[in-house]
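Sequential numbering of the sequence shown, starting at 802, is according to this note's numbering.
Each residue gets a CB set at the ideal place from its N, CA and C atoms; glycine is no exception.
Step one of this worksheet: look at the structure below.
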Amino acid sequence: MSGQELLKDMRIVLVGKTGVGKSAAANTILGRKAFKSELTPSSVTSQCEKTSDKVDERDVAMVDTPGLFDTRCSNDVIINEIGKCICLSSPGPHVFLVVIQLGRFTEEEQETVKILQKTFGPDSAKYMMVLFTNGDRLKNKTIEEYLKNSPERLRKLIQQCHGGYHVFNNEKMENRSQVTELLQKIDKLVVENGGCCYTNEMYREAEEGIEEEKRRILRMNEEERRRVEQELKDTYKGEALEKATEELRKQQERTAREKAEKDNSFLKKLAKYAQVAFKHLMEVVKEVAVETFVEALDIGVVGELIINVPELCTIQ
802 MSGQELLKDM RIVLVGKTGV GKSAAANTIL GRKAFKSELT PSSVTSQCEK TSDKVDERDV
862 AMVDTPGLFD TRCSNDVIIN EIGKCICLSS PGPHVFLVVI QLGRFTEEEQ ETVKILQKTF
922 GPDSAKYMMV LFTNGDRLKN KTIEEYLKNS PERLRKLIQQ CHGGYHVFNN EKMENRSQVT
982 ELLQKIDKLV VENGGCCYTN EMYREAEEGI EEEKRRILRM NEEERRRVEQ ELKDTYKGEA
1042 LEKATEELRK QQERTAREKA EKDNSFLKKL AKYAQVAFKH LMEVVKEVAV ETFVEALDIG
1102 VVGELIINVP ELCTIQ
């Protein structure tokens, strides 16, 4: 992929704290309400979901994830969701969009990059970009002016994402220029990363497994494929037949791929990676809880945190 080319297929993983607008951002990118999105402090997205659509003449796949710090789920559920995210974004995402709400940057979100690196691998930071939601709060300011006066820890997070950021007004889904600009920034990011999506050992293993399962599904449906092909031969001739047959092949491969990505039995093969990622995730969450508690000692709100810290440090 050269600096002038556009990605024809783009895989985007949205990550961030519960309630920052990940699902709304995904809907803005796709130009339709593909994901459930509500104004609520609790997570609307309880499990990894994937939806694809044509955006600016590209095939864009969006993977929406549960809140990074939503530790109310059981260990098994979190491990399973990590595995699902890997499968749904295989052979690897072109970008991890770190979604942050303008004006509400928390202590937990400071550790987002660290958590993603622990979960997906150290080089994943090269593929991260901050996406601010609630862009209407800027009013007459530019995002650059806002960042100039923002907390140092927020600017540091952007630096960890190699300086990449964008801002969305999710209330104006019809404003497609903000989406086009984001996709162009992702193109640039991919070029800077050698023209490839992010991958590592777990993604390579996931892709091998998905392709193997896809082939198995296609073999099982071979008889049905031949029946439909015969119907096409009875209906079309020449170039029209070739086009219809090729479209059938693509549709069947697409359907088999989608089924393979969601295959629960395959998730067990990724358990070793998901369990390690979960262990690292909990280490970072505990660090955040302890740091928050220590800072509270200086401002006299220890009583409230004595109740809340165990919840952050323990998974039921």
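Quick check: the Cα distance between R1055 and K818, rounded to an integer number of angstroms?
Walking along the sequence shown from the start, residue 1055 turns up at place 254. Walking along the sequence shown from the start, residue 818 turns up at place 17. Between the C-alpha atoms of R1055 and K818 there is a straight-line separation of about 31 Å.
According to DSSP, is L807 part of a helix, a strand, or is it coil?
Residue numbering aside, residue 807 sits at position 6 when the sequence shown is read from its first letter. If DSSP states are grouped into helix, strand and coil, L807 belongs with coil.
Contact under 8 Å by Cβ, M863 with K855
To locate residue 863, count along the sequence shown from 1; it is residue 62. To locate residue 855, count along the sequence shown from 1; it is residue 54. For M863 and K855, no; Cβs fall outside 8 Å.
contact_flag[the segment 999-1014, the segment 1023-1037] where n(CB pairs < 8 Å) is 3 or more:
With fewer than three CB-CB distances shorter than 8 Å, the segment 999-1014 does not count as touching the segment 1023-1037.
What residue range does the alpha helix (DSSP H) around A1007 cover?
Along the sequence shown, read from residue 1 onward, the residue named residue 1007 stands at position 206. E1002 to M1021 is the span of the alpha helix (DSSP H), which, as asked, contains A1007.
Secondary structure at R977, three-state DSSP: helix, strand or coil?
Counting from 1 along the sequence shown, the entry for residue 977 is found at position 176. Note: R977 maps to coil in three-state DSSP.
Below 8 Å between beta carbons: does that hold for F810 and D860?
Your numbering for residue 810 matches position 9 in the sequence shown. Your numbering for residue 860 matches position 59 in the sequence shown. Just to set this straight, residue 810 is Asp in the shown sequence, not Phe. In contact: D810 and D860 (Cβ atoms closer than 8 Å).
Please classify Q960: does DSSP put it in a helix, a strand, or coil?
One-based indexing of the sequence shown puts residue 960 at position 159. Helix, per DSSP.
With DSSP as the reference, identify every bridge partner of T934, one or two as the case may be.
Locating residue 934 in the sequence shown gives position 133, where the first residue counts as 1. DSSP lists Q902 as partners of T934.
With burial defined as no fewer than 16 other Cβ atoms inside 10 Å of the residue's Cβ, what is the status of R1016: buried or exposed?
Position 215 of the sequence shown holds residue 1016. Looking at its Cβ environment, which holds fewer than 16 other Cβ atoms inside 10 Å, R1016 is exposed.
Hey, quick one: how far does the alpha helix (DSSP H) through S824 stretch, first residue to last?
Within the sequence shown, the letter at position 23 stands for residue 824. Going by DSSP, S824 is part of the alpha helix (DSSP H) stretching over K823 to L831.
Let me confirm a value: P952 is counted as buried when at least 16 other C-beta atoms fall within 10 Å, else exposed. Which label applies?
As a working note, residue 952 is residue 151 in the sequence shown. Per the 10 Å Cβ criterion, exposed.
Starting from the Cα of G884, find the closest Cα among V1085, V1077 and E1084 and give me that residue.
Sequence index remark: in the sequence shown, residue 884 carries index 83 (1-based). A check of alpha carbon separations from G884 across V1085, V1077 and E1084 identifies V1077 as the nearest.
For the candidate residues A827, S875, I944 and E908, whose alpha-carbon lies nearest to that of V1085?
Position 284 of the sequence shown, counted from the first residue, corresponds to residue 1085. Restricting attention to A827, S875, I944 and E908, the CA atom closest to the CA of V1085 is found in E908.
Could you tell me the alpha carbon to alpha carbon distance between G1039 and L1019, rounded to whole angstroms?
Along the sequence shown, one-based indexing puts residue 1039 at 238. Along the sequence shown, one-based indexing puts residue 1019 at 218. For G1039 and L1019, the distance between alpha carbons rounds to 26 Å.
Look at V814 and T866 and say whether their C-beta atoms are less than 8 Å apart.
The residue you call residue 814 lines up with position 13 of the sequence shown. The residue you call residue 866 lines up with position 65 of the sequence shown. T866 is positioned such that its CB atom lies closer than 8 Å to that of V814.
What residue from F897, A835 and R956 has the CA that sits closest to Y999's CA?
Residue 999 sits at position 198 when you count from the first residue of the sequence shown. Answer by Cα proximity: F897.
Same chain, Cβ closer than 7 Å to K973, neighbours up to 5 away in sequence not counted
Sequence index remark: in the sequence shown, residue 973 carries index 172 (1-based). Result list for K973: empty, nothing under 7 Å.
Buried or exposed: which applies to D924, given that a residue is buried once 16 or more other Cβ atoms fall within 10 Å of its Cβ?
What you label residue 924 is simply residue 123 of the sequence shown in a count that begins at 1. By the neighbour-count rule (16 or more Cβ atoms within 10 Å), D924 is not buried but exposed.
For the alpha helix (DSSP H) containing K1060, list its first residue and its last residue.
Here the question's residue 1060 lines up with position 259 in the sequence shown. Judged by DSSP secondary structure, K1060 falls within the alpha helix (DSSP H) whose first and last residues are G1039 to E1062.
N-terminal and C-terminal residue of the beta strand (DSSP E) that K855 is part of
Position 54 of the sequence shown holds residue 855. Counted as a single uninterrupted DSSP element, the beta strand (DSSP E) harbouring K855 occupies residues E850 to V856.
Under DSSP, the alpha helix (DSSP H) around Y947 begins and ends at which residues?
Taking the sequence shown and counting its residues from 1, the one referred to as residue 947 is at position 146. Start and end: I944 to K949.
Alpha carbon to alpha carbon, how far is Q1117 from E1014?
Taking the first residue of the sequence shown as 1, we reach residue 1117 at position 316. Taking the first residue of the sequence shown as 1, we reach residue 1014 at position 213. Low local confidence applies: a pLDDT of 29 at Q1117 is under 50, so the model's placement there is unreliable, with the coordinate-based value given in what follows. Approximately 34 Å between the Cα atoms of the pair.
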